[in-house]
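Colleague: Per this note's numbering, the very first residue in the sequence shown carries number 276; after that it's consecutive.
Heads up, the beta-carbon is just placed ideally off N, CA and C, and yes, glycines get one too.
None of the values given here were measured: they were computed from a predicted structure.
Quick one: the structure is below, questions incoming.
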Amino acid sequence: MFIAHGCGHGAIDWWPQSESCPKCIGLPEEMNVTLHLLLRGYSAVAVSSSDRGRSRCWQNPFAGGGGDWDYSLGPAPVDWMQVKRALEVLLHRERLDHTGTDTGTDTGVAAAAAAAAAAAAALPRYALGGSSGGGFVMGLPLVFPPGYWSGLVVHIAAAPSGLLAAYRQVTQQSKPAAATSSSSSSASASWPPTLFVHMARDSWLAGAVAANLAELRAEGVPVHEVRVHPQPLTPLYLAQRCGPEIDEATSRAVYEAFRTAGYIDARGYLRHNPRGLPSWRHLLLKGGGAAGGGGGGGGVPGAERLRLKPEASPLAEELNLLYAVHELCSEPTSAALDWLEAQQARRQ
276 MFIAHGCGHG
286 AIDWWPQSES
296 CPKCIGLPEE
306 MNVTLHLLLR
316 GYSAVAVSSS
326 DRGRSRCWQN
336 PFAGGGGDWD
346 YSLGPAPVDW
356 MQVKRALEVL
366 LHRERLDHTG
376 TDTGTDTGVA
386 AAAAAAAAAA
396 AALPRYALGG
406 SSGGGFVMGL
416 PLVFPPGYWS
426 GLVVHIAAAP
436 SGLLAAYRQV
446 TQQSKPAAAT
456 SSSSSSASAS
466 WPPTLFVHMA
476 RDSWLAGAVA
486 ANLAELRAEG
496 VPVHEVRVHP
506 QPLTPLYLAQ
516 RCGPEIDEAT
526 SRAVYEAFRT
536 AGYIDARGYL
546 RHNPRGLPSW
556 RHLLLKGGGA
566 AGGGGGGGGV
576 PGAERLRLKP
586 EASPLAEELN
596 LLYAVHELCS
606 EPTSAALDWL
616 EAQQARRQ
């Protein structure tokens, strides 16, 4: 499973800090996706976009709503070439590149290598991306050989209309002249099964996803949709999602601070988008009043040790998820893998 992060993020989000990855920051939703993949026996491959100094977004072939490359980072599709190279090196190193091994004249070794190559050839390749990474993932079939990808999981993203038309044009350009007369169904048949995960509160994206679903479904491409709805904050929610950084006592204290300050309603639902309400950080650190509701409230003991920086904060990520406008959500991962594997079984 290749994984593409969103803007402001990187591959370091998907793994915990360790000796082998001292710069990893391990955000909860990203790490939960990785954990699901590993428990299911998948290899998880996270790659960072080339832009590490500005937006940290991915190059997108759909920039401006068209099919042209986004050349803002240079004269070539840098991100796609970088990912392609990373996958080539990794798959070859792990002997998953479908090429087998030079076996000389030893027929026993040759047979074993042939069997290994056949097994590797049967292994599916999937791609998962969120936000900018979701758009990037939807562009992968345009730059990889037809049939390379077995399925796509697109979080909080969509492509502009005409996706299959662009794909058809690219695949026909890559074929010999004698082969370009093939029907449009051959192109759509090689487009990988695609699953969209988006949030109910983002009505614009919901419309874009609906258009993608209709276009792909009309061409016979297997598609599926998962809608993520707002959820309530509970006293132990943050301990369950952000532990051990947030323990039970801190989780209860954050909940109580939010309740007292009016950030959540009687059922625990956030009243405002936390991305547009940065004063919740001040509330936890200083105990100031809330702009989103009445009441005073006290600072949360130990809040100064929490990671609160935007795009690098487990707490902020979980609040975004609870509000459900634009955030990666790990909860559908098992169901998404079930669906992808079912589609793969039907193809075999």
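Fully enclosed by the region 431 to 519, which beta strand (DSSP E) runs are 3 residues long or longer?
Modeller: Within the region 431 to 519, the complete beta strand (DSSP E) runs of at least 3 residues are 469 to 474 and 498 to 503.
Colleague: Going by alpha carbons, who is nearest to TYR544 out of GLU304, GLN506, SER324 and THR469?
Modeller: Considering only alpha carbons, the answer is GLN506.
Colleague: Would DSSP call ILE278 helix, strand or coil?
Modeller: The answer is strand: DSSP assigns ILE278 an E or B state.
Colleague: In three-state terms, what does DSSP make of ALA402?
Modeller: Strand at ALA402.
Colleague: Determine the extent of the alpha helix (DSSP H) in which VAL600 is found, giving its start and end residues.
Modeller: VAL600 -> no alpha helix (DSSP H), and no H or E assigned at all.
Colleague: Could you tell me the alpha carbon to alpha carbon distance between GLY414 and ARG502, rounded to whole angstroms?
Modeller: For GLY414 and ARG502, the distance between alpha carbons rounds to 22 Å.
Colleague: Helix, strand or coil for LEU427, going by three-state DSSP, please let me know.
Modeller: It is a strand residue.
Colleague: Whole angstroms are fine: how far does the CA of GLU606 sit from the CA of SER526?
Modeller: Going from the Cα of SER526 to the Cα of GLU606 covers about 20 Å.
Colleague: When DSSP labels each residue in this structure, what does VAL322 get in the three-state scheme?
Modeller: Here VAL322 sits in strand by DSSP.
Colleague: Taking 9 Å as the threshold (C-beta atoms), are SER407 and ALA432 in contact?
Modeller: Against a cut-off of 9 Å, the Cβ pair of SER407 and ALA432 comes out as a contact.
Colleague: Between VAL418, GLY437 and CYS604, which lies nearest to GLN504 when the distance is taken from Cα to Cα?
Modeller: Correcting the residue identity first, residue 504 is His in this sequence and not Gln. Selected option, being the one with the closest Cα: CYS604.
Colleague: Taking the alpha-carbon positions, what's the MET551 to ASN595 distance?
Modeller: The sequence shown places Gly at residue 551, rather than the Met named in the question. Roughly 10 Å separates the two Cα atoms.
Colleague: Determine the DSSP secondary structure at ILE300, reduced to helix, strand or coil.
Modeller: The answer is coil: DSSP assigns ILE300 none of H, G, I, E or B.
Colleague: Measuring alpha carbon to alpha carbon, tell me which of ALA402, LEU398 and ASP326 ends up nearest LYS359.
Modeller: Out of ALA402, LEU398 and ASP326, ALA402 has the C-alpha closest to the C-alpha of LYS359.
Colleague: Answer yes or no: do LEU513 and GLU593 have a C-beta to C-beta separation smaller than 9 Å?
Modeller: The answer is yes: Cβ separation under 9 Å.
Colleague: Could you work out which residue in ALA578, ALA286 and ALA620 is closest to ALA532 when comparing CA atoms only?
Modeller: The shortest C-alpha separation from ALA532 is found at ALA578.
Colleague: Would you call SER330 buried or exposed, if buried means 16 or more other Cβ atoms sit within 10 Å of its Cβ?
Modeller: Exposed, since its Cβ has fewer than 16 Cβ neighbours within 10 Å.
Colleague: Can you find at least 3 beta carbon pairs, one from the region 580 to 591 and one from the region 488 to 499, that sit closer than 8 Å?
Modeller: No contact exists between the region 580 to 591 and the region 488 to 499.
Colleague: Beta-carbon within less than 7 Å of LEU238's beta-carbon, same chain only, minus the 5 sequence neighbours each way: which residues are those?
Modeller: Outside the displayed range of the chain (276 to 623) lies residue 238, so it cannot be described from this structure.
Colleague: From the DSSP secondary-structure annotation, give me the bridge partner or partners of LEU545.
Modeller: LEU545 pairs with ILE539.
Colleague: Start and end of the alpha helix (DSSP H) containing GLU363?
Modeller: First-last of the alpha helix (DSSP H) with GLU363: 353 to 368.
Colleague: Check whether the Cβ of GLY285 lies closer than 8 Å to any heavy atom of the ligand ATP, and answer yes or no.
Modeller: Annotation note on the ligand ATP: not contained in the displayed structure, which lists no ligands.
Colleague: Using only the alpha-carbon positions, how far apart do GLY591 and HIS311 sit?
Modeller: As written in the sequence, residue 591 is Ala, which differs from the Gly given in the question. Cα to Cα, the separation comes out at about 22 Å.
Colleague: DSSP on SER330, reduced to helix/strand/coil?
Modeller: Three-state result, SER330: coil.
Colleague: What residues in its chain sit with their C-beta under 7 Å from that of TRP614, if we drop five residues either side in the sequence?
Modeller: Excluding sequence neighbours, TRP614 sits near LEU470 and HIS499.
Colleague: Would you mind giving the Cβ-Cβ distance between ARG558 and ALA528, rounded to the nearest angstrom? I have them listed as a contact below 8 Å.
Modeller: It should be pointed out that residue 558 corresponds to Leu in this sequence rather than to Arg. That belief does not hold up - the Cβ atoms of LEU558 and ALA528 are roughly 11 Å apart, past 8 Å.
Colleague: In terms of residue numbering, what span does the alpha helix (DSSP H) encompassing GLN618 cover?
Modeller: Segment 608 to 622, the alpha helix (DSSP H) holding GLN618.
Colleague: I'd like the span of the alpha helix (DSSP H) that includes ARG556, first residue to last.
Modeller: Segment 554 to 561, the alpha helix (DSSP H) holding ARG556.
Colleague: Apply the 10 Å Cβ neighbour rule to ALA452 and answer buried if 16 or more other Cβ atoms are within range, or exposed otherwise.
Modeller: With a pLDDT of 48 at ALA452, under the threshold of 50, the modelled position of that residue is not reliable, and no figure is offered here.
Colleague: Tell me the DSSP secondary structure of HIS250 in three-state form.
Modeller: Since the first residue of the chain shown is 276 and the last is 623, residue 250 is not available in this structure.
Colleague: Could you spell out the range, first to last residue, of the alpha helix (DSSP H) harbouring VAL412?
Modeller: Counting along the chain, the alpha helix (DSSP H) containing VAL412 begins and ends at 407 to 418.
Colleague: Could you check what DSSP says for ASN335 in three-state terms: helix, strand or coil?
Modeller: Residue state, collapsed to three classes: coil.
Colleague: Check VAL529 in the structure and name its three-state DSSP category.
Modeller: Residue state, collapsed to three classes: helix.
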